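Participant:
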Amino acid sequence: MSSGQVYLFSNDHRAAYEMFPMPLGIFQYINGKVVTFLVSNGLCNFIGEERSQLIDHFNNNMFGNIHPDDAEMLARLGYRFATKQDSYDITYRTKLYGQNEYRYVHAVGQFRLMEDGTNLAFIEYLDITDSEQKLIQTLQEFESPKTRFFDENMGAMVVVSRKEKQLLYFNKAVCRMLPPKMFFASTFCRKLQVKNTECCIMENP
Numbered sequence: 001m002s003s004g005q006v007y008l009f010s011n012d013h014r015a016a017y018e019m020f021p022m023p024l025g026i027f028q029y030i031n032g033k034v035v036t037f038l039v040s041n042g043l044c045n046f047i048g049e050e051r052s053q054l055i056d057h058f059n060n061n062m063f064g065n066i067h068p069d070d071a072e073m074l075a076r077l078g079y080r081f082a083t084k085q086d087s088y089d090i091t092y093r094t095k096l097y098g099q100n101e102y103r104y105v106h107a108v109g110q111f112r113l114m115e116d117g118t119n120l121a122f123i124e125y126l127d128i129t130d131s132e133q134k135l136i137q138t139l140q141e142f143e144s145p146k147t148r149f150f151d152e153n154m155g156a157m158v159v160v161s162r163k164e165k166q167l168l169y170f171n172k173a174v175c176r177m178l179p180p181k182m183f184f185a186s187t188f189c190r191k192l193q194v195k196n197t198e199c200c201i202m203e204n205p
């Protein structure tokens with residue numbers, strides 16, 4: 001999100017993005033600050049706030065609804081995304097739908113170069129709470145004597161869910177085989193505290 005002059009959508013384009021039913025936010029990095037440029041109807045419903053309220057929330061208290069354990073990570077990765085135009089693919093916990101319950105959200109962002117040379121960040125959001133809960137249950141099933149056997153006696157082995165394509169389990173032999181700075185999906189091991197995570201570095205240095 002390049003700093004500089006505020007980008008202006010045409011009325012038709014703004015209306016089309018605002019009517020978008022999926023949770024979408026558009027942001028611009030201006031003079032050292034991330035400014036919320038536009039939010040879709042889907043994102044308003046997702047968070048549970050009116051458009052003007054949500055834009056004010058993002059601009060002045062962006063991490064107010066974020067789980068305290070995830071706020072620092074989200075701020076750091078968000079800043080890196082804004083300033084370095086780095087990748088943004090992260091899972092975190094936040095309050096949705098105007099409720100007090102924390103939900104798991106998967107956010108994916110990318111930059112789009114507009115016709116005047118301005119870079120805008122488009123971030124899409126998805127509630128993946130049900131998938132995460134199933135994943136946690138599956139991981140708990142791996143905490144068993146059989147798992148210890150796999151760790152101590154088997155060669156490199158990983159388990160990946162067929163539907164979500166998510167890593168469910170890896171044994172110690174995998175950790176020994178991988179280079180020490182292998183980068184895995186951003187918050188998977190930290191969030192779920194998967195066994196053997198000390199063998200993996202979860203974030204880029």
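For the sequence shown, full-length UniProt numbering gives the first residue as 1, with consecutive numbering after it. A virtual CB, placed ideally from N, CA and C, is assigned to each residue, including glycine. On a predicted model such as this, the values are computed, not experimentally measured, just so you know.
Where does Ile-128 sit, in a helix, a strand or coil, going by DSSP?
Facilitator: One-based indexing of the sequence shown puts residue 128 at position 128. Of the three classes helix, strand and coil, the one that applies to Ile-128 here is coil, per DSSP.
Participant: Can you find the residues in the same chain that come closer than 8 Å, C-beta to C-beta, to Met-19, ignoring five residues on each side of it along the sequence?
Facilitator: Residue 19 sits at position 19 when you count from the first residue of the sequence shown. Taken in chain order, the residues that qualify are Ser-40 and Asn-41.
Participant: Between the C-alpha atoms of Cys-44 and Asp-127, what's the straight-line distance to the nearest angstrom?
Facilitator: In the sequence shown, the residue the question calls residue 44 occupies position 44. In the sequence shown, the residue the question calls residue 127 occupies position 127. If I take the Cα positions, the gap works out to 14 Å.
Participant: Check whether the Cβ of Leu-43 sits closer than 6 Å to any heavy atom of the ligand NAP, and report yes or no.
Facilitator: Only the bare structure without any ligand can be found here, which leaves the ligand NAP out of the picture.
Participant: With the cut-off set at 7 Å, would you say Asp-86 and Arg-80 are in Cβ contact?
Facilitator: Working through the sequence shown from its first residue, we reach residue 86 at position 86. Working through the sequence shown from its first residue, we reach residue 80 at position 80. Yes, Cβ-Cβ distance for Asp-86 and Arg-80 is below 7 Å.
Participant: Which of the three DSSP states, helix, strand or coil, is assigned to Gln-28?
Facilitator: Counting from 1 along the sequence shown, the entry for residue 28 is found at position 28. In the structure shown, Gln-28 sits in a strand (DSSP, three-state: E or B).
Participant: In the DSSP assignment, find the unbroken beta strand (DSSP E) run with Phe-37 in it and report its ends.
Facilitator: The sequence position of residue 37 within the sequence shown is 37, counting from 1. 33-39 is the extent of the beta strand (DSSP E) around Phe-37.
Participant: List the DSSP bridge partners of Tyr-88.
Facilitator: Position 88 of the sequence shown, counted from the start, is the residue given in the question as residue 88. Tyr-88 is bridged to Gly-109.
Participant: Are Arg-93 and His-67 closer than 7 Å when you measure CB to CB?
Facilitator: On the sequence shown, position 93 is the one that residue 93 refers to. On the sequence shown, position 67 is the one that residue 67 refers to. Judged by their CB atoms, Arg-93 and His-67 are nearer to each other than the 7 Å cut-off.
Participant: Measure the CB-CB distance between Ile-26 and Leu-38 and report whether it falls below 7 Å.
Facilitator: By 1-based counting over the sequence shown, the position of residue 26 is 26. By 1-based counting over the sequence shown, the position of residue 38 is 38. The answer is yes: Cβ separation under 7 Å.
Participant: Determine the direct distance from the alpha carbon of Thr-129 to that of Tyr-102, and round the result to whole angstroms.
Facilitator: Residue numbering aside, residue 102 sits at position 102 when the sequence shown is read from its first letter. Residue numbering aside, residue 129 sits at position 129 when the sequence shown is read from its first letter. Taking the straight line joining both Cα atoms gives about 9 Å.
Participant: Please report the distance separating the alpha-carbon of Tyr-17 from that of Asp-70.
Facilitator: Along the sequence shown, one-based indexing puts residue 17 at 17. Along the sequence shown, one-based indexing puts residue 70 at 70. The alpha-carbon of Tyr-17 is positioned some 29 Å away from that of Asp-70.
Participant: According to DSSP, Arg-93 sits in a beta bridge with which residue or residues?
Facilitator: For this step, residue 93 is matched to residue 93 along the sequence shown. Answer is Tyr-104, bridged to Arg-93.
Participant: Helix, strand or coil: which one does DSSP assign to residue 246?
Facilitator: Past the boundaries of the shown model lies residue 246; the chain is included only from 1 to 205, so the question cannot be answered.
Participant: Once DSSP output is grouped into helix, strand and coil, what is the label at Asn-59?
Facilitator: Your numbering for residue 59 matches position 59 in the sequence shown. Three-state DSSP puts Asn-59 in a helix.
Participant: Would Glu-124 pass as a contact of Leu-54 if the rule is Cβ separation under 7 Å?
Facilitator: Position 124 of the sequence shown, counted from the start, is the residue given in the question as residue 124. Position 54 of the sequence shown, counted from the start, is the residue given in the question as residue 54. Taking 7 Å as the Cβ cut-off, Glu-124 and Leu-54 do not qualify as a contacting pair.
Participant: Using the three-state DSSP reduction, which class does Phe-20 fall into: helix, strand or coil?
Facilitator: Along the sequence shown, read from residue 1 onward, the residue named residue 20 stands at position 20. Coil at Phe-20, not helix or strand.
Participant: From Arg-112 to Thr-118, what distance separates their C-alpha atoms?
Facilitator: Numbered from 1 along the sequence shown, position 112 holds the residue referred to as residue 112. Numbered from 1 along the sequence shown, position 118 holds the residue referred to as residue 118. Straight-line Cα distance between these residues: approximately 8 Å.
Participant: So who's on the other strand from Ile-66, going by DSSP bridges?
Facilitator: Indexing the sequence shown from 1 puts residue 66 at position 66. Per DSSP, Thr-94.
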